[in-house]
Amino acid sequence: MTGVKRHILIIDDEQGFHDLFRFILEPLGFTVNSAYDGVEGLARLKEKGYDLVFMDVHMPKMTGPELMKQLMQIRPSQPVVIMSSGSDPAQTFEKDVKELGAAACIFKPFELEEITKNLELIANGGRGNHEQNNTRS
């Protein structure tokens, strides 16, 4: 990355994922902000846009699809990577958020390269490869 500070927002109700993203991204020069549910995430996104958002599908107060609907109204070009436990065999939530504009979907637990690969979304203007990023390794 260049000398420009990049800002990433993590929206997830599990503290461990916030810690993981900070551990990986801050040494690479990213600023990592956190929100712990969909309502808090939406409030942060109303304040400003981010270079990239990593968002959980299953959250308290507001689900990923609900948040995506509102987000696309206020920031339609916001790049978002959805994180999912894959606990829904039909992947209904994942399909919903992809249809609503998510750039990619990764499944927990994920590997380091899945996080860093999605950082390329910043360079690609927020456009991901849906098929490649929608599979488990």
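Each residue of the sequence shown is one higher than the one before, counting from 11 in the working numbering.
Where a beta carbon is used, it is the ideal one built from N, C-alpha and C, also for glycine.
Backbone secondary structure at residue i - three-state DSSP
| i | result |
| --- | --- |
| Arg-32 | helix |
| Leu-122 | helix |
| Val-107 | helix |
| Leu-148 | Since the first residue shown for the chain is 11 and the last is 147, residue 148 is missing from the structure and cannot be characterised. |
Nearest-angstrom Cβ-Cβ length linking residue i and residue j, presumed shorter than 8 Å
| i | j | result |
| --- | --- | --- |
| Gly-59 | Gln-80 | Between Gln-80 and Gly-59 the Cβ distance is about 14 Å, and since that is not below 8 Å, they are no contact. |
| Ile-92 | Ala-112 | 5 Å |
Cβ neighbour criterion (16 or more within 10 Å) applied to residue i
| i | result |
| --- | --- |
| Gly-74 | buried |
| Lys-56 | exposed |
| Val-14 | exposed |
| Ser-94 | buried |
| Asp-22 | buried |
| Leu-35 | buried |
Beta-carbon gap between residue i and residue j smaller than 9 Å
| i | j | result |
| --- | --- | --- |
| Ile-125 | Ile-132 | no |
| Val-49 | Met-78 | no |
| Ala-53 | Ile-20 | no |
| Arg-16 | Asp-61 | yes |
| Ile-18 | Val-90 | no |
**Inside the segment 47-80 only - alpha helix (DSSP H) runs reaching at least 4 residues** = You should have 48-57.
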